[in-house]
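Chains as they are written, first to last, in our numbering: chain B, 293 to 857; chain C, 388 to 701. Quick reminder that beta carbons are idealized off the backbone N, C-alpha and C, glycines included.
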Amino acid sequence: MDEMIPNEEHERALARELDAWLAGDHSRRHVLAALLGIGAGAAVLPATARAASRAGFLGRQQEQLLEQAAAELASPDTPLGKAQADAVAASTKAPTDGSAYRAVAAAKGKYNNVSLALTYEAGLQALEPRNFSGPLWQQLTGMNYSVVELAHPDLYSKAITEHIAGSGAYDVLDIEPAWIPSLANGGVIAPVDEYVKKYMNEADLNDYHPLFKYLPLYKGKRWGFFDDGDQLELYYRTDVFGDPKLKSAYEAKYKQPYRVPTTWDEYSQVAQFITDQLAPNVYGAVHFRKFGSPGNQYAFCQEFRVNGGVFFDAKTMQAQLATPAGIKTLEQMIAANKASVPGNNDLDAVAAWVAWLTGKSAMHFSWPPTGRMSENYSQRSKAINFVPASKIAGKVGYAIMPGKNGEMASGFVKAISADSRNPEAAYLFAQWQSSPPISLVRVMLPYTLRDPYRISHYTSPIYRSLWPSAKDYLLNLANAANFGITDLIMPGWQDYALTLDRMCTAVWAGKDPKAALEGADAEWNATTRKIGVDAQRAAYQEFLKGVACYPDHTVDAMGQAVHLT
Amino acid sequence: MSGGIGAHGLATRAARRDGRALLATWSEQHIKWLLVAPAIVLILAITVYPLGYSVWVAFVNFDFLIPGHAFVGLGNFAAVLGDPVALHSVVVTAIFTVADVGIEFVLGLALALALEKTFRGRGVLMAIFVVPLFIAPVIVGQFWSLLLQRPFGPMDYILSVILRHPVTISWLTEFPWDFIGIILADVWQWTSFILVILLAGLAGIASELHEAAAIDGAGGWQNFRFITLPQLVPMILLAVTFRLLGAVNLFDTIFMMTGGGPGTSTYTTAYYLYQTGFQQFHLSQATAGSWLFLILVSVAIFLLVRRLLKVEEA
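Written as structure tokens, this is what we have:
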């Protein structure tokens with residue numbers, strides 16, 4: 293049998309090493325080697341490997357772990373390093389009633405032979421568990437893990453196919469909040485309420501922005517932890533909007549103030565004006581409008597609801613897209629496209645970032661990584677060198693979306709697979725990973741595509757120190773979430789969204805908006821009939837009960853807005 | 388032989404000999420079945436069983452969003468036939484198939500005729516032409532997508548330089564350029580398939596036929612029209628049949644270049660079935676669609692193969 297280190301001795305040795313690292317006495321490599329030797333990670337390794345580790349000869353597996361983890365631990369004197377030190381301390385020392393500490397304490401030594409399979413969107417999203425939270429969790433608890441990288445649509449489809457096959461292939465699933473009804477009804481994911489009661493500190497649950505605290509709820513149960521604040525906001529060039537010549541020219545032409553637009557009509561008008569004045573050097577805006585980019589469904593849904601549109605007649609469940617609100621929305625989007633960089637309709641999200649970062653556009657609404665890339669914070673990581681260095685650093689302002697209500701476009705929830713053979717272990721990992729101190733690191737990693745979603749993220753002095761206007765960025769994100777509206781969270785969202793994307797791209801290619809909307813209505817009705825009108829009526833009622841379904845149900849409208857300074 | 392063996396012993400030996408002979412005879416007659424049995428079981432398990440299972444799926448509800456597997460009769464087939472996107476995808480598939488195979492045949496034949504005789508650099512040219520065949524279609528799709536994407540792809544810039552005026556074609560998002568872009572990618576990859584087969588066919592034509600025709604005063608066109616083409620027909624039918632089989636399944640390049648868009652304008656049947664089955668999880672509808680499409684394609688392929696066999700018999 294393997295020789296075990298007594299628990300108290302283990303704790304003391306672990307604390308000594310961590311203190312030494314925080315004090316800067318030991319190198320990261322030394323600390324990680326010591327952690328492995330102490331047994332935090334080595335608990336899962338063969339005795340011979342641990343013996344070799346203690347003797348100073350690391351096994352190949354340990355070396356790999358070391359290299360993997362070492363890659364992401366920043367120097368303790370950097371903001372990221374400080375956040376990482378806090379995360380490790382919160383997992384091992386204090387506060388002992390924190391969700392991070394509780395998860396580690398509950399998992400440590402109990403699941404040495406368990407390996408968790410985590411689904412992640414392939415690429416940058418998967419780097420984080422590969423390089424930071426995965427290895428750290430392994431070292432802290434002795435639990436193994438594997439990251440299963442999947443294309444975004446396959447995060448949904450593979451979860452279902454493995455469930456149908458009953459393979460139990462996955463433990464922790466990264467899913468969109470809008471998929472929760474389908475996956476919950478289909479028995480793919482399991483509710484976590486019992487575990488929350490048992491292991492989570494309620495203060496950490498209340499640390500979520502109210503919008504994101506609400507999102508994993510469905511039919512009165514919690515189906516995981518929100519984990520990615522994908523709130524759309526408007527990024528604009530302060531130099532272009534601060535230009536006195538442009539200001540006077542605009543005000544002379546339109547008899548209106550030259551400002552960051554607050555309505556969608558104003559948005560396309562200002563964008564067109566800037567294009568007329570500054571193209572080909574700078575255009576008014578840039579969007580990701582290519583089929584599957586994926587932007588059309590989100591852009592349409594937010595503008596449509598701001599224009600007073602409703603998705604369905606709540607009684608008959610007939611689709612309500614081909615209405616004046618729908619036509620107005622498409623007309624506004626066409627006007628915005630015309631005012632944008634050439635080839636706007638051919639761009640996906642990354643290509644739109646390239647245009648924005650190279651200074652070709654005065655406005656761009658997108659996901660929060662835009663703010664970090666704009667200040668060249670993200671580009672310090674080699675992993676994100678597929679976007680160019682920002683030419684607009686220090687010239688970027690942040691605003692909530694025109695029309696006030698921006699889409700909380702997609703996002704991620706960490707859910708527990710109903711087929712997991714180790715649901716409690718999977719839960720503990722998810723709780724730890726999304727806990728305040730750990731999640732703060734994860735939303736701060738330069739290459740991360742995970743975005744702030746906790747009050748403690750928005751108010752973190754460490755995050756606010758990342759670049760000069762980081763505080764404004766965080767405050768605006770929190771405020772945007774106050775007014776944010778969610779995707780259509782109900783079964784069939786995949787089909788409804790696909791229809792919207794098809795409709796929009798057909799219109800960009802020249803199809804008549806009214807005919808396109810009528811076609812989309814027909815497709816939505818077919819989808820509703822296929823799933824069942826009564827079932828969908830009940831699901832829509834559930835959606836209507838939720839926070840942020842429409843502009844009159846936002847967090848702000850419900851009196852739960854978070855006002856931060 | 389030892390004189391100690393009695394009648395009983397002899398009888399036993401004879402019985403053993405007979406037994407071995409019987410076993411040998413049986414083995415000779417049946418060993419082939421034993422040898423192929425594992426393969427047959429494997430084929431039954433991985434093809435026949437799923438095929439039978441798919442028949443069941445086509446007649447029941449097998450949709451992730453709808454609980455249970457209730458029998459729905461022809462409902463899934465009706466859903467496909469009533470779906471305008473499905474019907475549109477059949478038309479798009481027909482357009483791509485005819486355009487792709489037609490252009491590839493004309494170009495492949497022309498290249499085969501040009502490369503029939505040996506000349507300096509022929510080997511290098513052949514290698515260049517054949518390289519695309521070894522590239523996975525999904526890579527071809529990505530390559531052409533990068534080449535054609537506006538505004539960063541170089542195609543518009545190159546055309547602007549050549550034509551000396553700005554070219555702003557949205558190759559992947561506007562009709563008819565999206566069709567042209569996909570056909571370009573397919574022709575780039577598969578023309579050499581036709582070329583290789585037809586070149587082999589040309590090499591098989593006896594030179595005496597051309598010599599005899601020359602003595603009779605036949606010109607180049609007459610030579611081609613009355614000797615080369617008729618001799619080449621079996622190979623042409625073979626190449627076209629294989630390409631048709633590939634073209635009707637066009638998926639990878641569509642997936643990478645347009646994702647079926649804009650709207651559903653470049654949805655082929657294969658893409659429609661993938662989208663319906665594996666993205667939207669309407670598995671029973673997708674399965675019913677697969678059967679309908681299989682029947683449709685089978686008729687076309689059956690006619691082609693029958694024609695091919697007739698030519699071979701002749």
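Under 8 Å from the C-beta of residue i: neighbouring residues of chain C
| i | result |
| --- | --- |
| residue 634/B | 537, 538 and 555 |
| residue 445/B | 666 |
| residue 790/B | 662, 666 and 667 |
| residue 891/B | Residue 891/B lies beyond the range of chain B shown here (293 to 857); nothing can be said about it. |
Chain B contact residues for residue i, given Cβ-Cβ distances below 8 Å
| i | result |
| --- | --- |
| residue 669/C | 822 |
| residue 560/C | 582, 583, 637, 638, 797, 800 and 801 |
Anticipated Cβ contact below 8 Å, residue i with residue j, distance rounded
| i | j | result |
| --- | --- | --- |
| residue 585/C | residue 496/C | 6 Å |
| residue 838/B | residue 523/B | Wrong, their Cβ atoms sit about 16 Å apart, outside the cutoff. |
| residue 457/B | residue 439/B | Wrong, their Cβ atoms sit about 20 Å apart, outside the cutoff. |
| residue 410/B | residue 464/B | 5 Å |
| residue 614/C | residue 600/C | 6 Å |
| residue 684/B | residue 666/B | 6 Å |
Cβ of residue i within 8 Å of any chain C Cβ
| i | result |
| --- | --- |
| residue 794/B | yes |
| residue 414/B | no |
| residue 589/B | no |
| residue 658/B | no |
| residue 467/B | no |
| residue 332/B | Here the model assigns residue 332/B a pLDDT of 40, short of 50, so the residue's position is not dependable, and the following value carries that caveat. For residue 332/B, the answer is no, since every Cβ of chain C falls outside 8 Å of its Cβ. |
| residue 452/B | yes |
| residue 449/B | yes |
| residue 761/B | no |
| residue 459/B | no |
| residue 474/B | yes |
Interface residues of chain C facing residue i [CB-CB closer than 9 Å]
| i | result |
| --- | --- |
| residue 783/B | 452 |
| residue 265/B | Residue 265/B lies beyond the stretch modelled for chain B, which goes from 293 to 857, so this question has no answer here. |
8 Å Cβ cutoff, residue i in contact with chain B
| i | result |
| --- | --- |
| residue 352/C | Beyond the ends of chain C as shown, which are 388 and 701, falls residue 352/C; an answer cannot be given. |
| residue 649/C | yes |
| residue 652/C | yes |
| residue 691/C | no |
Any non-hydrogen atom of the ligand GDP within 7 Å of residue i CB
| i | result |
| --- | --- |
| residue 581/B | As far as ligands go, the structure on display features none, and thus does not contain the ligand GDP. |
Endpoints, alpha helix (DSSP H) assigned at residue i
| i | result |
| --- | --- |
| residue 544/C | 542-550 |
| residue 859/B | Residue numbering for chain B in the displayed model covers 293 to 857; residue 859/B lies beyond these limits and cannot be assessed. |
| residue 515/C | 509-517 |
| residue 496/B | 494-498 |
| residue 372/B | 371-384 |
Neighbour list for residue i in chain B, Cβ cutoff strictly below 7 Å
| i | result |
| --- | --- |
| residue 646/C | 583 and 584 |
Neighbour list for residue i in chain C, Cβ cutoff strictly below 7 Å
| i | result |
| --- | --- |
| residue 643/B | 539 |
| residue 787/B | 667 |
| residue 478/B | 451 |
| residue 438/B | The premise fails here: residue 438/B is roughly 23 Å from chain C at the closest Cβ pair, so nothing lies under 7 Å. |
| residue 673/B | Those do not exist, as residue 673/B stays about 23 Å from chain C at its closest Cβ, beyond 7 Å. |
Boundaries (first-last residue) of the beta strand (DSSP E) holding residue i
| i | result |
| --- | --- |
| residue 573/C | Careful: residue 573/C lies outside any beta strand (DSSP E), inside the alpha helix (DSSP H) at 564-590. |
| residue 528/C | That residue, residue 528/C, is in no beta strand (DSSP E); its alpha helix (DSSP H) goes 524-535. |
| residue 656/B | 655-658 |
| residue 529/B | 525-529 |
| residue 708/B | 704-709 |
Is the number of C-beta pairs between the segment 667-678 of chain B and the segment 608-628 of chain B that are closer than 8 Å three or more?
The way I'd put it, the segment 667-678 of chain B doesn't touch the segment 608-628 of chain B; fewer than three beta-carbon pairs between them come closer than 8 Å.
Do three or more CB pairs link the segment 721-740 of chain B to the segment 793-809 of chain B at distances below 8 Å?
They do not touch, by the three-pair rule.
contact_flag[the segment 549-563 of chain C, the segment 590-601 of chain C] where n(CB pairs < 8 Å) is 3 or more
no
Taking 8 Å as the threshold, find out whether the segment 491-498 of chain B comes into contact with the segment 376-394 of chain B through three or more Cβ pairs.
As far as the Cβ criterion goes, the segment 491-498 of chain B touches the segment 376-394 of chain B, which means the pair count is three or higher.
Three or more beta-carbon pairs under 8 Å between the segment 492-511 of chain B and the segment 767-785 of chain B, yes or no?
yes
Count the C-beta pairs between the segment 715-722 of chain B and the segment 396-413 of chain B that are closer than 8 Å, then say yes if the count reaches three, no if not.
yes
Could you say if the segment 513-520 of chain B and the segment 697-709 of chain B meet the contact criterion of at least three C-beta pairs nearer than 8 Å?
yes
Using a Cβ distance threshold of 8 Å, determine whether the segment 573-583 of chain C contacts the segment 486-503 of chain C, with at least three qualifying pairs required.
A contact is defined here as three or more CB-CB pairs under 8 Å, and the segment 573-583 of chain C meets this definition with respect to the segment 486-503 of chain C.
Quick check: the segment 639-648 of chain B against the segment 600-613 of chain B, are there 3 or more CB pairs under 8 Å?
no
Just checking, does the segment 558-576 of chain B make contact with the segment 625-636 of chain C on the three C-beta pairs under 8 Å criterion?
no
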